[in-house]
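Asks:
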Amino acid sequence: MDRTAPGPARRLLPRAARFLRRRRRVLVRLGGWSLLESAQTFLVGYGVAQALDRGFLAGSTGTGLAWLAVAAAATVVGGLAVRGVFRGLADLVEPLRDGLLRHVVTRALHGAVAEPARTDSSSVSRLTHQTELARDSFAGLVLVLRSFVFTAAGALAGLASLHPLLLLVVLPPLVLGLLLFTATLVPMAARQRDFLDADEALSTRYGAVAAGLRDVVACGAERRTAGEADALVATEVGAARSLARWAAARTVALGVAGHLPVVLLLLATPWLLDRGLTAGALLGALTYLTQSLLPALRTLMSALGAAGTRLLVILDRLVGADPRREGAPAGAKPAPAPAPAPVPAAPVAPASARSAAGSRVELRSVTFAYGPGAQPVLREVDLTVEPGEHLVVVGPSGIGKSTLAALVAGLLTPGRGEVLVDGAPPPAAGRDAGESARRRVLIPQQAYVFTGTLRENLLYLCPDDLPGGPPESGPEERVAASVAAVGLGPLAAGLGGLDAVVDPAVLSQGERQLIALGRAHLSPAPLVLLDEATCHLDPEAEARAERAFADRPGTLVVIAHRISSAHRADRVLVMDGARATAGSHRELLERSPLYRDLVGRWHTGRDIRPAARPGRESTPA
Numbered sequence: 061m062d063r064t065a066p067g068p069a070r071r072l073l074p075r076a077a078r079f080l081r082r083r084r085r086v087l088v089r090l091g092g093w094s095l096l097e098s099a100q101t102f103l104v105g106y107g108v109a110q111a112l113d114r115g116f117l118a119g120s121t122g123t124g125l126a127w128l129a130v131a132a133a134a135t136v137v138g139g140l141a142v143r144g145v146f147r148g149l150a151d152l153v154e155p156l157r158d159g160l161l162r163h164v165v166t167r168a169l170h171g172a173v174a175e176p177a178r179t180d181s182s183s184v185s186r187l188t189h190q191t192e193l194a195r196d197s198f199a200g201l202v203l204v205l206r207s208f209v210f211t212a213a214g215a216l217a218g219l220a221s222l223h224p225l226l227l228l229v230v231l232p233p234l235v236l237g238l239l240l241f242t243a244t245l246v247p248m249a250a251r252q253r254d255f256l257d258a259d260e261a262l263s264t265r266y267g268a269v270a271a272g273l274r275d276v277v278a279c280g281a282e283r284r285t286a287g288e289a290d291a292l293v294a295t296e297v298g299a300a301r302s303l304a305r306w307a308a309a310r311t312v313a314l315g316v317a318g319h320l321p322v323v324l325l326l327l328a329t330p331w332l333l334d335r336g337l338t339a340g341a342l343l344g345a346l347t348y349l350t351q352s353l354l355p356a357l358r359t360l361m362s363a364l365g366a367a368g369t370r371l372l373v374i375l376d377r378l379v380g381a382d383p384r385r386e387g388a389p390a391g392a393k394p395a396p397a398p399a400p401a402p403v404p405a406a407p408v409a410p411a412s413a414r415s416a417a418g419s420r421v422e423l424r425s426v427t428f429a430y431g432p433g434a435q436p437v438l439r440e441v442d443l444t445v446e447p448g449e450h451l452v453v454v455g456p457s458g459i460g461k462s463t464l465a466a467l468v469a470g471l472l473t474p475g476r477g478e479v480l481v482d483g484a485p486p487p488a489a490g491r492d493a494g495e496s497a498r499r500r501v502l503i504p505q506q507a508y509v510f511t512g513t514l515r516e517n518l519l520y521l522c523p524d525d526l527p528g529g530p531p532e533s534g535p536e537e538r539v540a541a542s543v544a545a546v547g548l549g550p551l552a553a554g555l556g557g558l559d560a561v562v563d564p565a566v567l568s569q570g571e572r573q574l575i576a577l578g579r580a581h582l583s584p585a586p587l588v589l590l591d592e593a594t595c596h597l598d599p600e601a602e603a604r605a606e607r608a609f610a611d612r613p614g615t616l617v618v619i620a621h622r623i624s625s626a627h628r629a630d631r632v633l634v635m636d637g638a639r640a641t642a643g644s645h646r647e648l649l650e651r652s653p654l655y656r657d658l659v660g661r662w663h664t665g666r667d668i669r670p671a672a673r674p675g676r677e678s679t680p681a
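Residue numbers (the numbering used here): 61 to 681.
1) Using only CA atoms, which one of Leu514, Ala580, Gly455 and Gly470 lies nearest to arginine 639?
2) Let me confirm a value: aspartate 334 is counted as buried when at least 16 other C-beta atoms fall within 10 Å, else exposed. Which label applies?
3) Does the segment 79-88 come into contact with the segment 148-159, if we say contact requires no fewer than three beta-carbon pairs (one atom in each stretch) closer than 8 Å?
4) Determine the extent of the beta strand (DSSP E) in which leucine 360 is found, giving its start and end residues.
5) Where does the unbroken alpha helix (DSSP H) through serine 425 begin, and where does it stop?
6) Considering only DSSP beta bridges, list what isoleucine 623 is partnered with.
7) With distances taken from CA atoms, which of Val426, Ile459 and Ala507 is nearest valine 468?
8) Span of the alpha helix (DSSP H) holding arginine 639?
9) With a Cβ-Cβ cutoff of 9 Å, do alanine 465 and isoleucine 623 count as a contact?
10) Helix, strand or coil: how does DSSP classify histidine 450 here?
11) Keeping to the same chain, check which residues put their C-beta closer than 7 Å to that of glutamate 532; ignore five residues upstream and five downstream.
12) Considering leucine 464, what are the terminal residues of the alpha helix (DSSP H) in which it resides?
13) Please name the residue, chosen from Leu240, Asp563 and Leu375, that lies closest to leucine 160 on a Cα-to-Cα basis.
14) For serine 568 and glycine 547, I'd like the C-alpha separation in whole angstroms.
15) Assuming leucine 332 is part of the alpha helix (DSSP H), what are its boundary residues?
16) Identify every residue that forms a DSSP beta bridge with glycine 512.
17) Do the segment 92-107 and the segment 127-135 make contact, defined as three or more Cβ pairs closer than 8 Å?
18) Buried or exposed, going by whether 16 or more other CB atoms sit within 10 Å of the CB of threonine 542?
19) Along the alpha helix (DSSP H) that carries arginine 538, what are the first and last residues, could you check?
20) Sorted by chain position, which residues of the same chain lie with C-beta nearer than 6 Å to proline 141's C-beta, five sequence neighbours on each side aside?
21) With 16 other CB atoms within 10 Å as the buried threshold, where does aspartate 563 fall?
22) Within the chosen definition, does the segment 249-260 reach the segment 291-309 through at least 3 CB pairs nearer than 8 Å?
23) Which residues in the same chain have their Cβ closer than 7 Å to the Cβ of leucine 694, if we skip the five residues on either side of it in sequence?
24) How big is the Cα-Cα spacing for leucine 443 and valine 421?
25) Among the candidates Pro486, Thr166, Gln505 and Thr101, whose CA atom is the shortest distance from the CA of serine 462?
26) Per DSSP, which one or two residues make a beta bridge with arginine 476?
27) What's the gap between the Cα of valine 632 and the Cα of glycine 643?
28) Check whether the Cβ atoms of aspartate 113 and glycine 340 sit closer than 9 Å, and answer yes or no.
29) Is phenylalanine 609 near leucine 577, with beta carbons less than 9 Å apart?
30) Could you give the distance in angstroms between the alpha-carbon of alanine 363 and the alpha-carbon of glycine 336?
31) When you compare only the Cα positions, how much space is there between valine 479 and arginine 500?
32) Can you check which of these residues, Gly119, Thr244 and Leu103, is closest to valine 136 by C-alpha distance?
33) Specify the secondary structure class of arginine 253 as computed by DSSP and reduced to three states.
34) Whole angstroms is fine: what's the gap from glycine 433's alpha carbon to isoleucine 459's?
35) Where glycine 267 and proline 74 are concerned, what is the direct C-alpha to C-alpha distance, given to the nearest angstrom?
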């Protein structure tokens, strides 16, 4: 964070001033009711003093009882004042909550539109938990601050009316304690912010681990994941302990401001009596200190030390500096994300020269693990897929089949070794989408379909400068041929034709997969990777789609959902742990016990996978 940037209080002060200026009438009404509370504080101590001096010590019991009755009546009036304060409080607190909600929603929507890749779920916490915390904390602080100010005013006025020397004894420790407490507010706010940051980081990490727990276990990354979570827990514990230490400092300030005046008053009693102070005045002063000032101070310091610092941090997160722009000068635009370091591109043959026969894929001693401390998913894998070859990858779930596809597609980078497509590393994800579409197409298990016409969805991977033309003028013959090849015709007719608008929300998983398969078939890419892209189709539809891609010019790599895919392949790759064995169907039946087991389970109707993936049925892979 930029240390020269204004603090939360300075950032929020202009907004707070505007908010309060627009609600002057509410503040005046609250002040009017609070004046009754000052009157109650004044009369309680003054009534006790007069009851002793003019009544009981003077031998007039009736007068003493009358003054005590005045003090009791003042207490009743104070209760009515509190009732009026609560009625006006809603007019101040509810507009704050409404404004915070509008601001959070507006900023979340603008951020999602401007930077979709950086959109996260923290807005949900701001919209619900943090907004309610801000509302409750603000309401509590208004009550406490108002009560302290008017109670202190009434008590000090009462002390001055009893004898001015009482202020000389009470005011210095009171002011010193308040100054000490004020000095702790800024560091306490910083520690409160650290604690909230640590809590959000820990919650985010736990959510990510819970969502990817299966992958963590499959990749052997339990120890590293637990270590990262332990580090976040330790950070939050440290922030909580630091916050507790500053809370102890708050207790010292309370002792100076609230208890020291009582001690000094008792020590100064002989000196005060010598200067004309009466016994009633001393008792009244003790009443002011113990029954009014000390409770108000304790409540004030507890509220400001906890709810106050929390409110400051939360408001700064909600309406102050954007958390994604922390430290940026006011009015500054978000800094653009740093561009990735340029990577020298290896010479690549033109797409037209590769499309007819397909791409050559090579894995040279490839090792990959999800993290430095994790067990490798792939270890020293060597594989060559010749141009135009049809390769099927089989193996138990979680064994690394999708990892292999992601490496070939350029979505992952090997820890050791190299992956080459036509003699060059595959284009890294996000660097050149056009080049990626020209060289390969990957269809994952969860097919992507966007709102638009069916024709636009099918031509999504057809660049303008390749055969097929732009989406709005693609050759009808090629589109019709791909639709027929993958079996998309009945769905297209049911939707209303190629120019019908597709709503992804009403499509089934299998229908979305058919559209994605048609898109891949129509693509000019010489390499197609199908990562369980037919898992939601029935066996007949899956066989038809795979035959369509086998007849399509180019290289085909299929991550199999059913072992029957192996019968249609030129070659099969069996993944067993971190190893991989390639061969024909007949060769692998002789050489690979795992492959024999997979085939045997398929023919006996049993599931070959040890566990089904979340959200999907347990059909044989």
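Backbone N, C-alpha and C define an ideal beta-carbon position, used for all residues, glycine too.
Replies: Let's see:
1) Gly455
2) exposed
3) yes
4) Taken as a continuous stretch (DSSP letters only), leucine 360 belongs to no beta strand (DSSP E), being part of the alpha helix (DSSP H) at 354-362.
5) Note, serine 425: premise wrong, no alpha helix (DSSP H); beta strand (DSSP E) at 421-428.
6) Bridge partners of isoleucine 623: none, in fact.
7) Val426
8) Note, arginine 639: premise wrong, no alpha helix (DSSP H); beta strand (DSSP E) at 639-643.
9) no
10) strand
11) Here the model assigns glutamate 532 a pLDDT of 44, short of 50, so the residue's position is not dependable and the matter cannot be decided.
12) 461-469
13) Leu375
14) 15 Å
15) 329-334
16) Val562
17) yes
18) Sequence check: residue 542 is serine here, not threonine. It counts as buried.
19) 536-546
20) As written in the sequence, residue 141 is alanine, which differs from the proline given in the question. Around alanine 141: Trp93, Leu96 and Glu97.
21) Exposed: under 16 other Cβ atoms inside 10 Å.
22) yes
23) Nothing about residue 694 can be read from this structure; the chain reaches only from 61 to 681.
24) Note on geometry: alpha-carbon atoms of leucine 443 and valine 421 lie some 8 Å from one another.
25) Gln505
26) Thr427
27) 5 Å
28) yes
29) The answer is yes: Cβ separation under 9 Å.
30) 39 Å
31) 14 Å
32) Valine 136 has its Cα closest to that of Leu103, out of Gly119, Thr244 and Leu103.
33) Helix at arginine 253.
34) 18 Å
35) Their Cα atoms are separated by approximately 37 Å.
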